[in-house]
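Notes follow the structure.
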């Protein structure tokens with residue numbers, strides 16, 4: 084990747100960060116209830132700056148990774164990532180944010196299925212998860228679309244880890260114990276240093292040319308490790324609905340589980 088292209092990709096990511104800041108995503112999840120975090124205003128704003136058409140750009144791989152990091156950091160609905168694939172991946176009859184189409188893995192590759200009916204179900208995060216009834220179409224998913232989606236999923240997980248780390252660092256700078264802020268305690272410093280190293284590795288991963296299934300599998304494990312470290316230093320308050328850290332850890336765990344199931348399907 085050229086220096087000029089890297090600067091353009093970074094500038095686009097900064098633009099997305101501002102758009103997301105201007106249209107914050109509310110936390111609508113409650114245990115035991117179906118929930119959907121999509122917001123039309125954010126969807127329109129992201130489309131206006133070019134996210135929806137990014138796949139058509141010949142330099143899309145350079146932009147998708149850094150941009151997806153910002154989507155994860157901002158807890159943007161995963162429907163924005165799945166649009167790169169052409170719809171939600173379908174696993175064991177479940178789809179997230181189902182629209183007119185979902186994506187099914189077949190022996191011949193990824194294929195689009197038409198959604199005939201959908202029923203919302205409670206889930207561990209506000210991903211608008213539905214059980215769906217589908218029928219196959221003749222449309223195949225383009226390889227470049229799957230590659231872009233894998234990169235974006237990896238970037239999104241890196242963004243979740245980044246957002247969780249930002250919260251944890253801010254928290255330990257403000258809270259005091261044993262005559263100093265938590266940030267001055269050696270044990271806290273070690274945990275956050277480990278988390279920061281993992282985050283940096285994930286962010287570098289999305290810029291690699293070979294950011295594919297193996298990268299996504301690693302990112303899921305790394306994101307779960309980072310949010311666990313962040314919860315250790317934040318303490319019990321991090322699990323309350325009032326403190327936003329739980330939004331990052333909840334989504335990281337749920338997304339890692341979805342991705343693991345999807346990747347395992349490719350091996351069977």
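Residue numbers (the numbering used here): 84 to 351. From the three backbone atoms N, C-alpha and C, an ideal C-beta is built for every residue, glycine too.
Distance from the CA atom of residue 152 to the CA atom of residue 243, rounded to whole angstroms, is 8 Å.
Contact between the region 258-268 and the region 105-123 is not established, with fewer than three Cβ pairs separated by less than 8 Å. Pairwise C-beta distances place the region 199-215 out of contact with the region 289-307, as fewer than three of them are shorter than 8 Å. Spanning the alpha carbons of residue 339 and residue 230 requires a straight line of approximately 17 Å. Going by beta carbons, residue 173 and residue 186 fall inside the 8 Å limit. Non-local beta-carbon contacts of residue 177 in its own chain, meaning distances under 8 Å to residues more than five positions away in sequence, involve 204, 212, 213, 214, 215 in chain order. Per DSSP, reduced to three states, the secondary structure at residue 284 is helical. Only residues of its own chain outside the window of five on either side were considered, and among them 312 have a CB closer than 7 Å to the CB of residue 277, listed in chain order. The alpha-carbon separation between residue 102 and residue 194 amounts to approximately 32 Å. Between residue 333 and residue 155, the CB-CB gap reaches or exceeds 8 Å. Distances from the CA of residue 184 to each of 196, 190, 191 were compared; the closest alpha carbon is that of 196. For the pair residue 228 and residue 293, the Cα-to-Cα distance works out to about 15 Å. With respect to the C-alpha of residue 330, the residue from 191, 170, 182, 159 having the closest C-alpha is 159.
Ranking 341, 189, 233 by CA distance to the CA of residue 218 puts 189 first. Taking residue 110 as the centre and dropping the five residues before and after it, the same chain places the C-beta of 330 closer than 6 Å to its C-beta, in chain order. For residue 126, the enclosing alpha helix (DSSP H) stretches over residues 123-131. For residue 141, the closest of 181, 92, 162 by C-alpha to C-alpha distance is 92. By the C-beta density criterion, residue 105 is exposed, having fewer than 16 other C-beta atoms within 10 angstroms. Per DSSP, reduced to three states, the secondary structure at residue 198 is strand. Assigned with DSSP and collapsed to three states, residue 215 falls in strand. Remark: C-beta atoms of residue 290 and residue 148 approach each other more closely than 8 Å. Annotated as proximal: residue 167 and residue 138, with beta-carbon spacing under 8 Å.
For the options 175, 287, 272, the alpha carbon positioned closest to that of residue 348 is the one of 175. Contact between residue 310 and residue 335 holds, since their C-beta atoms are separated by about 5 Å, short of 8 Å.
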